[in-house]
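So the sequence shown is numbered by the working numbering: it starts at -4 and just counts up by one. Heads up, the beta-carbon is just placed ideally off N, CA and C, and yes, glycines get one too.
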Amino acid sequence: MKLFPSGKIRRKNGWVVARRLVQFLSLILFFFLFIKTDYTGSDRIAYAVNIYFRIDPFLALSAMLAAKAIISLMLISGVVLALCFVFGRAFCGWFCPLGGLLDFFRSFIGTRKKKIDTFFPTASRTILVFCLVCAAFSFHISGILDPFSLLVRGLAQAIYPGFNFLVNEFFGFTYGKVPGIGHDISEGIYRGLKHFILPFEQHYFELAFLSGFMLVIVIVAERVQSRFFCRNVCPLGSMLGICSQLSVAKVSGADEQCGRCVVCRKTCPMGAINPEREVDKYGCTLCMNCLRACPRQVLSVGGGRPQVQNSVSLSRRNFFTIIGAGALLYSVAGARTVSGNKNEPLIRPPGALAEKDFLARCVRCAECIKVCIGNGLQPAFMEAGIETIFTPKLAARTGYCEFNCTLCGQVCPSGALEILTLAEKHTFKIGLARINKELCLPFNEHIPCIVCEEHCPTHDKAIRFKEVQVVTKDNRQKSIKQPYVIRDLCVGCGICETKCPIQGRSAITVSSDGETRHQDQLPPISSEHGTNPYS
-4 MKLFPSGKIR RKNGWVVARR LVQFLSLILF FFLFIKTDYT GSDRIAYAVN
46 IYFRIDPFLA LSAMLAAKAI ISLMLISGVV LALCFVFGRA FCGWFCPLGG
96 LLDFFRSFIG TRKKKIDTFF PTASRTILVF CLVCAAFSFH ISGILDPFSL
146 LVRGLAQAIY PGFNFLVNEF FGFTYGKVPG IGHDISEGIY RGLKHFILPF
196 EQHYFELAFL SGFMLVIVIV AERVQSRFFC RNVCPLGSML GICSQLSVAK
246 VSGADEQCGR CVVCRKTCPM GAINPEREVD KYGCTLCMNC LRACPRQVLS
296 VGGGRPQVQN SVSLSRRNFF TIIGAGALLY SVAGARTVSG NKNEPLIRPP
346 GALAEKDFLA RCVRCAECIK VCIGNGLQPA FMEAGIETIF TPKLAARTGY
396 CEFNCTLCGQ VCPSGALEIL TLAEKHTFKI GLARINKELC LPFNEHIPCI
446 VCEEHCPTHD KAIRFKEVQV VTKDNRQKSI KQPYVIRDLC VGCGICETKC
496 PIQGRSAITV SSDGETRHQD QLPPISSEHG TNPYS
């Protein structure tokens, strides 16, 4: 009788191959959707990576708790949660794009420390509970550590634009330097990259280093421990793991035949097998590595009656401490000076809900930031508090909101940005432009300049001129056109600020004053003020 039946080994190797194939296809799908979430010459998005955010039960529950409402766009996440009661935490091992990337990079960088047990076994549960408690207090910070948000932010704001920059620099450097047929090949490669992989244009982001650094740290942590982020940090994985303890599917079969063998325990990337070779369903992702590695081939995946296992959990004291910490953070945030300001300091994208509802629903996914044609949307840091970090804001000196674009609302997975028609977008005010006469060339230097009026995109120009007589520095009379803003027509797109030729601070700046989403909080604007030449 053979000690290692070849048929069993082939079948169990087949399961591992199947998982890796599914992981690979999931990554291909993710990157396809990620690349397609971009402007392609049309004001319609055919594909969007936001489906991953809509199936994320952790983000869905957090957003609904914060918004105190059912978000229909994210109800599909209930399917993923329900499948946990059947297949356990298989989503993390088979479908999660971040998990697939970590497995891929670990095969190259390896794991330096061989500690099997999870370094911080209660940390991910603590983070999960803390984020949900904060959300219940309308303090939504879950998107900061959610795996999908973290992955897309790092790719969209650092890795992807950085890759595009390097490719353009390389082909720009070699252009015209490759003779003959080599030049044609080089041109063909670049056209292929531009058509299938590279973004429509080069974008720049203020928090590129921070977003990229967070993603790189998650990957480099594989050197410390396999699936370090999944085991010690990931709140989504923790939620799925809790539900998985009542799952039907499980790995079993370890018995007295095992002897002192702990190969399965050493092989498990999640540290889900204890010294007695019992599999904790909280951590098990059904990766099948233990089945393939078992020398006697006694392990198998089967079904059974759901039963809660004795895994590491939060103590009652720690649980109530987390609730208190969440309440304290919410109260301190509410007492900040910025929270009492009537006018929000950040300019939000068109279609944004009122600030409180917007912050409750925004999952910090960076989708709207990625598709912004004018590169005007940037991730906020803490200009308006920690709860606004990674939320989109308009940075008009960097870029602008394209007048004929509605893509940001189309890719928002949670409804924080409403989908606007083009006609609605043309009348949706996100702010108001104001001229600084101390910097503006026609006012300060008496130098003719019409740049802001030339670029103003509204159908009836929101920036116009008044011709006045001025006295120059050499005491000569001069006629010059000085610009002014018509408040009723300005939508706050920011292109005037972007294109202003003044170095440094622009002579015309956009603030959040007059937003459409806050019209019910503003006093009525008189017709006189709306057409005041120097308003």
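- The Cβ atoms of residue 211 and residue 185 do not sit closer than 9 angstroms to each other.
- Our two residues, residue 501 and residue 410, have alpha carbons roughly 33 angstroms apart in a direct line.
- In this chain, the alpha helix (DSSP H) harbouring residue 437 covers 436 to 439.
- An exposed status is given to residue 199, since fewer than 16 other beta-carbon atoms sit within 10 Å of its beta-carbon.
- In the structure shown, residue 297 adopts extended strand secondary structure according to DSSP, grouped into three states.
- With respect to the 9 angstroms criterion, residue 438 and residue 432 are classified as neighbours on the basis of their beta carbons.
- In the same chain as residue 340, and ignoring 5 residues on each side of it, the C-beta atoms closer than 8 angstroms to its own belong to 333, 378, 379, 507, in chain order.
- Spanning the alpha carbons of residue 292 and residue 286 requires a straight line of approximately 7 angstroms.
- Per DSSP, the beta-bridge partners of residue 474 are 464.
- Here residue 122 carries a helix assignment [DSSP, helix/strand/coil].
- Residue pairing of residue 479 in beta bridges, as defined by DSSP: 459.
- Membership of residue 503 in the beta strand (DSSP E) is indicated by the continuous run 503 to 506.
- Residue 147 and residue 204 have their C-alpha atoms roughly 14 angstroms apart.
- Within the same chain, 42, 44 come within 6 angstroms of residue 28 by CB-CB distance, once the 5 residues on both sides are set aside.
- Going by DSSP, residue 247 is part of the beta strand (DSSP E) stretching over 245 to 247.
- Per the coordinates, the alpha-carbon of residue 105 lies some 13 angstroms from the alpha-carbon of residue 96.
- The segment 401 to 415 and the segment 451 to 464 do not touch, with fewer than three beta-carbon pairs separated by less than 8 angstroms.
- The way I'd put it, the segment 472 to 479 does touch the segment 441 to 451; three or more beta-carbon pairs between them come closer than 8 angstroms.
- In this structure, residue 145 sits away from residue 56, with a CB-CB distance that is not shorter than 9 angstroms.
- Around residue 207, the same chain offers 149, 152, 153, 154, 157 as residues with beta carbons nearer than 8 angstroms, after the five sequence neighbours per side are excluded.
- In the DSSP assignment, residue 494 falls outside any beta strand (DSSP E) and within the unbroken alpha helix (DSSP H) covering 490 to 494.
- In the DSSP assignment, residue 58 falls within the alpha helix (DSSP H) that extends over 52 to 62.
- A distance of 9 angstroms or more separates the beta carbons of residue 309 and residue 453.
- If you check the CB distance, residue 509 and residue 471 do not come in under 9 angstroms.
- Comparing alpha-carbon positions, the option among 250, 290, 412, 393 lying closest to residue 350 turns out to be 412.
- Taking a C-beta distance under 9 angstroms as the contact criterion, residue 259 and residue 268 qualify as a contact pair.
- Check the Cα spacing between residue 111 and each of 254, 71, 117, 263: the tightest is with 263.
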